[in-house]
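Data first, discussion second: the structure below is written as structure tokens.
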Amino acid sequence: MARFVAGQVAAPVEVTRLEPVAGGASRETWRVDLNVESGPDAGDHALAMRRDMRSVMLPDSLDRASEFRLLQVVYEHGVLVPRPRWLGDDPAILGRPFFLMDWVDGESIGARVVRLPELAPARADLPRRMGGQLARIHTLDETGVDLSFLPGPEPEDNPALHALRRLRELAEALDVFNPAYEWAFRWLEANAPACDQVTLVHGDFRVGNVLVQPGGLAAIIDWEFAHRGDPAEDLAWPCLRDWRFGRDHLTFGGVGQREEFLEAYAQAGGRSFSREALRYWEIMGNVRWAVGCLSQARRHLRGEDRSVELASLGRRAAEMELEFLTLIEEAEAA
Amino acid sequence: MQDPPTAQELLSAAREHLTAHVIPALSDPRLRFQTLVAANVLAIVERELTHGDAQTRAEYGRLAALLGEGGQGAAPGEEPARAVESLTRRLRDRVAAGGFDAGPEREALVAHLKRTAIEKLRVANPRYLRRAQGCRPPGSATEDTAG
């Protein structure tokens, strides 16, 4: 690590701290403190390292090089993300590709963000702050920046139908024969909304993927599911019941109301979407996360990653299943 | 036949041990979390052993009713769980073919699907069920219409 950074900064480097932080299911995060002896980067640096845990990637997730490149793009456009520093793409360095970015303090675990007393003032402001940031993310493509390196639908393809196709493929690969999923797939196919503008989509924008300090929102993280798509997807996802971490009545991420979030988004220049379109993507989101839970359980069962946590996710899918069935009926009754 | 304790009682004992003695002694937050998950898994299995058979029988009955004549899919003596699986696959195929898109069939299908999800949650996460059903006004979509 020291050698790699020394090569990047053309100066001797000493690593003073190296410890694992959170354990994600597919990527690991490390705290890396180092000291650069001389040159323009001289001094102490507190960094975070993101590295793949396995050579097998989750479907539809960005590799570290693409995620790093995206971080550079969004950072340069004023989105609140940790400053990306260096990419170690050569597997010879640390075994698997990784990148380093500035360390940002804060709480990211959803259950803690919604409950810790010291984060109460930050919670009050979070829907507005996140709404504003999301508008910036969704208008980034208007600056002419090249986002073609991100996955997305073909020009003539509807983003909803494209996403649905991917979900069907995943469900089939998992041999999901629960008729509730087939029912949902049919409804999603028949009710796909038109998409006026394909934009950058974060893909996992929610409480749980933001760093929160007592002073407020500190950074938006976990961009590995970013892609080009319908921005309505990012508006619905953080409002999913499962992303309220037990505070079900607080419809935005268990910290505030959905309406506050949507209003802040609109005020910051985000487009408006119909109730139907947002409900559609909330249904799609529940189906996506349900299939995701089944997929995680399968990874444990296949021996790719033995973990009681992954195994138990298989039994959580029913939560999203009841939710999407309920939402579909509400949509039909409307 | 086994001597006491029952399977459920054994699970309960193991879970109590984890909750009362192991988890409080753990300082690493990651290990604590994983062990809480493990304790919860034991509770899930305990509930499944308690309710599973009755749920499978009820599910079989609903599937047979939904599939009508074609529902006589279980071979005599076929294990209930396998019968439910083969009927469920058949139901999925009929849904895919559009057999439940409208009319009373549609209502019957949706009622079955929701009932099945609710029953799964009675085993997997009864607290979630109470929250989800409490969040919506009476008479609305999440209610277990069969009572």
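If you're matching them up, the sequences are chains S and L in order.
If you read the first sequence in our numbering, its first letter stands for residue 3, the second for the next number, and so on.
If you read the second sequence in our numbering, its first letter stands for residue 336, the second for the next number, and so on.
Where is the CB? At the ideal position from N, CA and C, for every residue including glycine.
* **4-residue-minimum alpha helix (DSSP H) runs that sit fully inside the stretch 173-221 of chain S, ordered along the chain** => For the stretch 173-221 of chain S, whole alpha helix (DSSP H) runs of length 4 or above, ordered along the chain, are 181-192.
* Please name the residue, chosen from L/A443, L/A355, L/V376, that lies closest to L/G403 on a Cα-to-Cα basis. => Locating residue 403 of chain L in the second sequence gives position 68, counting from the first residue. Closest option to L/G403, Cα to Cα, is L/A443.
* To do: Per DSSP, which residues does S/T18 bridge with? Please list them.
  => Residue 18 of chain S sits at position 16 when you count from the first residue of the first sequence. When beta bridges are read from the DSSP output, S/T18 appears opposite no residue.
* Which of helix, strand or coil does DSSP assign to S/P99? -> Here residue 99 of chain S refers to the residue found at position 97 when the first sequence is read from its first residue. Under the three-state reduction of DSSP, S/P99 is assigned to coil, being neither helix nor strand.
* **Stretch-stretch touch, CB-based, cutoff 8 Å, three pairs: the stretch 120-128 of chain S with the stretch 63-82 of chain S** => With the rule of 3 Cβ pairs closer than 8 Å, the stretch 120-128 of chain S does not count as touching the stretch 63-82 of chain S.
* Asked: Pick from S/D92, S/W32, S/L64, S/A12: whose alpha carbon is nearest that of S/S40?
  -> Locating residue 40 of chain S in the first sequence gives position 38, counting from the first residue. Looking at the Cα atoms, S/A12 is the closest of the given residues.
* Between the C-alpha atoms of S/L252 and S/A113, what's the straight-line distance to the nearest angstrom? -> Here residue 252 of chain S is taken as the residue at index 250 of the first sequence, counted from 1. Here residue 113 of chain S is taken as the residue at index 111 of the first sequence, counted from 1. Answer to the nearest angstrom: the Cα atoms are 13 Å apart.
* **Endpoints, beta strand (DSSP E) assigned at S/V75** => Residue mapping note: residue 75 of chain S aligns to position 73 of the first sequence, counting from 1. Counting along the chain, S/V75 falls outside any beta strand (DSSP E), though it belongs to the alpha helix (DSSP H) covering 66-78.
* Asked: What is the rounded straight-line gap between the Cα of L/Q343 and the Cα of S/R246?
  -> Taking the first residue of the second sequence as position 1, residue 343 of chain L is located at position 8. Taking the first residue of the first sequence as position 1, residue 246 of chain S is located at position 244. Rounded to whole angstroms, L/Q343 to S/R246 spans 32 Å at the Cα level.
* Compare the beta carbon distance of S/F207 and S/D236 with 8 Å and say whether it is the shorter of the two. => Translated into the one-based positions of the first sequence, residue 207 of chain S becomes position 205. Translated into the one-based positions of the first sequence, residue 236 of chain S becomes position 234. In terms of Cβ geometry, S/F207 and S/D236 form a close pair [threshold 8 Å].
* What does S/G231 pair with, by DSSP beta-bridge criteria? -> Within the first sequence, residue 231 of chain S is the residue found at index 229, counting from 1. Listed as beta-bridge partners of S/G231 by DSSP are S/T201.
* Integer Cβ distance of S/Q298 from S/L280, believed to fall under 8 Å -> Here the question's residue 298 of chain S lines up with position 296 in the first sequence. Here the question's residue 280 of chain S lines up with position 278 in the first sequence. That pair is no contact at about 26 Å.
* Supposed close pair S/A173, S/V81 - CB separation, criterion 8 Å -> On the first sequence, residue 173 of chain S is found 171 positions in, with the first residue counted as 1. On the first sequence, residue 81 of chain S is found 79 positions in, with the first residue counted as 1. The C-beta separation of S/A173 from S/V81 comes to about 33 Å, leaving the pair out of contact by the 8 Å criterion.
* Asked: So with Cβ pairs under 8 Å, would you call L/R382 a contact of chain S?
  -> The residue labelled residue 382 of chain L in the question sits at position 47 within the second sequence. Proximity of L/R382 to chain S, defined by a Cβ-Cβ separation below 8 Å, is not satisfied.
* Using a Cβ-Cβ cut-off of 8 Å, state whether L/R465 counts as contacting chain S. => What you label residue 465 of chain L is simply residue 130 of the second sequence in a count that begins at 1. Answer no: the Cβ-Cβ gap between L/R465 and chain S never drops below 8 Å.
* Asked: Would S/V310 count as contacting chain L if we go by Cβ distances under 8 Å?
  -> In the first sequence, counting from the first residue as 1, residue 310 of chain S sits at position 308. For S/V310, the answer is yes, since a Cβ of chain L falls inside 8 Å of its Cβ.
* To do: Could you name the residues of the stretch 358-378 of chain L whose beta carbon sits closer than 8 Å to any beta carbon of chain S, in the order they occur along the chain?
  => In summary, the residues of the stretch 358-378 of chain L whose CB is separated from some CB of chain S by less than 8 Å are R365, F368, Q369, V372, A373, N375, V376, in the order they occur in the chain.
* Check whether the stretch 139-158 of chain S touches the stretch 82-102 of chain S, counting contact only when three or more Cβ pairs, one atom from each stretch, lie closer than 8 Å. => Judged by Cβ distances under 8 Å, the stretch 139-158 of chain S makes no contact with the stretch 82-102 of chain S, as fewer than three pairs qualify.
* Asked: If you measure from the beta carbon of L/A389 to each beta carbon in chain S, is any gap under 8 Å?
  -> Sequence index remark: in the second sequence, residue 389 of chain L carries index 54 (1-based). No, no contact with chain S.
* Asked: Who are the Cβ neighbours of L/I358 in its own chain at under 8 Å, not counting the five residues just before and after it?
  -> Position 23 of the second sequence, counted from the first residue, corresponds to residue 358 of chain L. Within the same chain, R367, T370, L371, A374 come within 8 Å of L/I358 by CB-CB distance, once the 5 residues on both sides are set aside.
* Asked: What residues from chain S crowd round L/L456, counting only those whose CB sits closer than 7 Å?
  -> Here residue 456 of chain L refers to the residue found at position 121 of the second sequence. Per Cβ cutoff of 7 Å: A320, E321, L324.
* Neighbourhood of S/L152 by C-beta distance below 8 Å, restricted to the same chain and skipping five residues each side -> Position 150 of the first sequence holds residue 152 of chain S. Within the same chain, L64, S68, L72, L202, A228, H229, R230 come within 8 Å of S/L152 by CB-CB distance, once the 5 residues on both sides are set aside.
* DSSP-derived helix/strand/coil call for S/N160 -> If you number the first sequence from 1, residue 160 of chain S lands on position 158. Of the three classes helix, strand and coil, the one that applies to S/N160 here is coil, per DSSP.
* S/D250: contacting residues in chain L (beta-carbon distance under 9 Å) -> In the first sequence, the residue the question calls residue 250 of chain S occupies position 248. Those within 9 Å of S/D250 in chain L are R466, A467, G469, C470.
* S/H251 in three-state terms, based on DSSP -> In the first sequence, the residue the question calls residue 251 of chain S occupies position 249. Of the three classes helix, strand and coil, the one that applies to S/H251 here is coil, per DSSP.
* Asked: Would you say L/R397 faces chain S, with C-beta separation under 8 Å as the test?
  -> For the purposes of this step, residue 397 of chain L is taken as residue 62 along the second sequence, with counting starting at 1. No, L/R397 does not count as interfacial toward chain S.
* **Spatial distance of S/D107 from S/E78 (CA atoms)** => Residue 107 of chain S sits at position 105 when you count from the first residue of the first sequence. Residue 78 of chain S sits at position 76 when you count from the first residue of the first sequence. Rounded to the nearest angstrom, the two C-alpha atoms are 20 Å apart.
* Asked: Touch check for the stretch 176-192 of chain S and the stretch 262-280 of chain S: three-plus C-beta pairs under 8 Å?
  -> Pairwise C-beta distances place the stretch 176-192 of chain S out of contact with the stretch 262-280 of chain S, as fewer than three of them are shorter than 8 Å.
* **Under 7 Å (Cβ pairs) to chain S, residues found in the stretch 415-431 of chain L** => Those would be T423, R424, L426, R427, V430, A431, in chain order.
* **Rounded C-alpha distance that separates S/A319 from S/E16** => In the first sequence, counting from the first residue as 1, residue 319 of chain S sits at position 317. In the first sequence, counting from the first residue as 1, residue 16 of chain S sits at position 14. Cα-Cα distance, rounded: 46 Å.
* To do: Along the beta strand (DSSP E) that carries L/R441, what are the first and last residues, could you check?
  => As a first step, residue 441 of chain L must be located in the second sequence, where it is residue number 106. Counting along the chain, L/R441 falls outside any beta strand (DSSP E), though it belongs to the alpha helix (DSSP H) covering 438-459.
* Just the chain S side, please: which residues come within less than 7 Å of L/A448 by C-beta, in chain order? => Sequence index remark: in the second sequence, residue 448 of chain L carries index 113 (1-based). Checking the sequence shown, residue 448 of chain L turns out to be Leu, not Ala. Result: P181, A182, W185, L327.
* Following the continuous alpha helix (DSSP H) through L/E304, name the residue where it begins and the one where it ends. => Chain L is shown from 336 up to 482; residue 304 of chain L falls before or after that span and cannot be answered.
* How long is the line joining the alpha carbons of S/C241 and S/L213, rounded to whole angstroms? -> If you number the first sequence from 1, residue 241 of chain S lands on position 239. If you number the first sequence from 1, residue 213 of chain S lands on position 211. Each residue's alpha carbon lies about 18 Å from the other.
* Asked: Is the CB-CB distance between S/A48 and S/D35 below 8 Å?
  -> Here residue 48 of chain S refers to the residue found at position 46 when the first sequence is read from its first residue. Here residue 35 of chain S refers to the residue found at position 33 when the first sequence is read from its first residue. Less than 8 Å separates the beta-carbon of S/A48 from that of S/D35.
* To do: Measuring only between beta-carbons, confirm whether L/A452 sits less than 8 Å from chain S.
  => For the purposes of this step, residue 452 of chain L is identified with residue 117 of the second sequence, where counting begins at 1. For L/A452, at least one C-beta of chain S is nearer than 8 Å to its own C-beta.
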